[in-house]
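A quick write-up on the structure given underneath.
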Amino acid sequence: MSEIIAILNQKGGCGKTTTAVNLSAALAQSDRKVLVIDMDPQGNATTGLGINKNNQTNTIYSILTGDNSIMETIVETSVPQLDIVPSNIDLSGAELELSKTIGPHSILKEALDGFVDNYDYIFIDVPPSLGLLTLNSIVASDSVIIPIQAEFYALEGMADLLQAMELVKSRLNSPSPIKGILLTLYDSRTRLGRDVYNNVKQYFGETENIFKTTIPRNVKLAEAPSHGIPCIIYDEECSGTEAYQNLAKEIISMEGQGDNK
Ligand SMILES: Nc1ncnc2c1ncn2[C@@H]1O[C@H](COP(=O)(O)OP(=O)(O)O)[C@@H](O)[C@H]1O
Ligand SMILES: [Mg+2]
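Put into structure tokens, the structure is as follows:
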């Protein structure tokens, strides 16, 4: 059985896609079989993994509309053991269409339920909103990773996010616990970086797992997507690569604990 993990935060630009792409690639390099599901109409994970999003007809959108099974949409990437369900702008109309169907929050989960696969991990790259695409991602996942950008407004909106997760748990009876909080774009040498880290610790430290690995600001992480390859392949030595490899090790060290499933 795959472990399904949604990468979640309704803030844009906090490193969700960068994490989906590079954590997946790092796990694939550690001999895990990994699938990324791109749930964002912007299709950044699709592009970042070298897939031309504009000529895909079988996408996450066609899964949500029931036209394709997951199996029919999977595309291999250039990274061995790493596949993707692509997305493109077609998905932007999906929220409205989904809202007219019965059980609109559970469509992705139902599509995944019948999916017999041999993936160790399935990561869902979630769009920056708390709409139906995000709710579908929470319902479908076993747990969530929340990337938090080390900036002044880091925790703004967090209460809304946690409330959405709570609603999914109580109303839809589909709990998706936090696998970990991930500090991104983080610089421990700055006062701001340390302040944000302490705030996150205060907010979550008692109850939730905060990953020991933090992701530094590293320009290579921002450059790699334009080459259509994960940073961990684009530059094997840089600090961003090292960080995502460490995060992969942390995830692997949690295997078999069963506490986040
Ligand atoms: N650790 C990092 N260092 C430098 N640039 C980063 C880092 N993480 C993300 N970026 C860049 O910041 C922008 C937003 O990141 P992205 O992963 O797309 O965020 P999200 O998916 O949450 O909107 C992108 O241009 C990305 O390349
Ligand atoms: Mg994104």
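Position one of the sequence shown corresponds to residue 485 (the working numbering), numbered consecutively onward. Backbone N, C-alpha and C define an ideal beta-carbon position, used for all residues, glycine too. Just so you know, these numbers come straight off a predicted model, no measurement behind them.
Work out the CA separation of residue j and residue i for me, nearest whole Å.
i, j, result
"GLY689", "ILE665", "10 Å"
"ALA509", "PRO570", "16 Å"
"LEU548", "LEU646", "25 Å"
"GLY499", "PRO714", "13 Å"
"LYS745", "THR502", "Unreliable positioning characterises LYS745 in this predicted model, as indicated by a pLDDT of 41, which lies under 50. A coordinate reading is not provided."
"ALA706", "GLY724", "10 Å"
"ALA624", "PRO661", "12 Å"
"ASN693", "ARG516", "23 Å"
"SER654", "ALA648", "10 Å"
"ASP522", "LEU596", "14 Å"
"ILE489", "ARG673", "31 Å"
"ASN657", "CYS722", "42 Å"
"GLU594", "LEU676", "43 Å"
"LYS704", "ILE716", "9 Å"
"LYS537", "SER562", "15 Å"
"SER613", "ARG701", "24 Å"
"ILE735", "GLN729", "10 Å"
"GLY550", "ASN539", "20 Å"
"ILE491", "SER583", "22 Å"
"GLY496", "LYS685", "22 Å"
Does at least one heavy atom of ligand 1 sit under 7 Å from the Cβ of residue i?
i, result
"PRO525", "no"
"LYS733", "no"
"LEU669", "yes"
"GLY724", "yes"
"GLY534", "no"
In the structure shown, what three-state DSSP assignment does residue i receive?
i, result
"LYS745", "Note that LYS745 scores 41 on pLDDT, short of 50, meaning its location in the model is unreliable and no value can be drawn from it."
"ALA490", "strand"
"LEU731", "helix"
"GLY527", "coil"
"GLY499", "coil"
"ILE568", "strand"
"GLN513", "helix"
"PHE688", "helix"
"GLY532", "helix"
"GLN540", "coil"
"TYR718", "helix"
Would the beta-carbon of residue i fall within 8 Å of that of residue j?
i, j, result
"ASP604", "ALA504", "no"
"ASN572", "THR618", "no"
"MET555", "PHE607", "no"
"VAL518", "LEU511", "yes"
"ILE632", "ASN493", "yes"
"TYR681", "MET642", "no"
"ALA732", "TYR718", "no"
"LEU575", "ILE544", "yes"
Any heavy atom of ligand 2 closer than 7 Å to the beta-carbon of residue i?
i, result
"ASN506", "no"
"LYS653", "no"
"ASN493", "no"
"THR501", "yes"
"ASN528", "yes"
"ASP719", "no"
"ASP551", "no"
Report whether the distance from the Cβ of residue i to the nearest heavy atom of ligand 3 is below 7 Å.
i, result
"ALA727", "The ligand content of the structure shown is limited to ligand 1 and ligand 2, which means ligand 3 is not among them."
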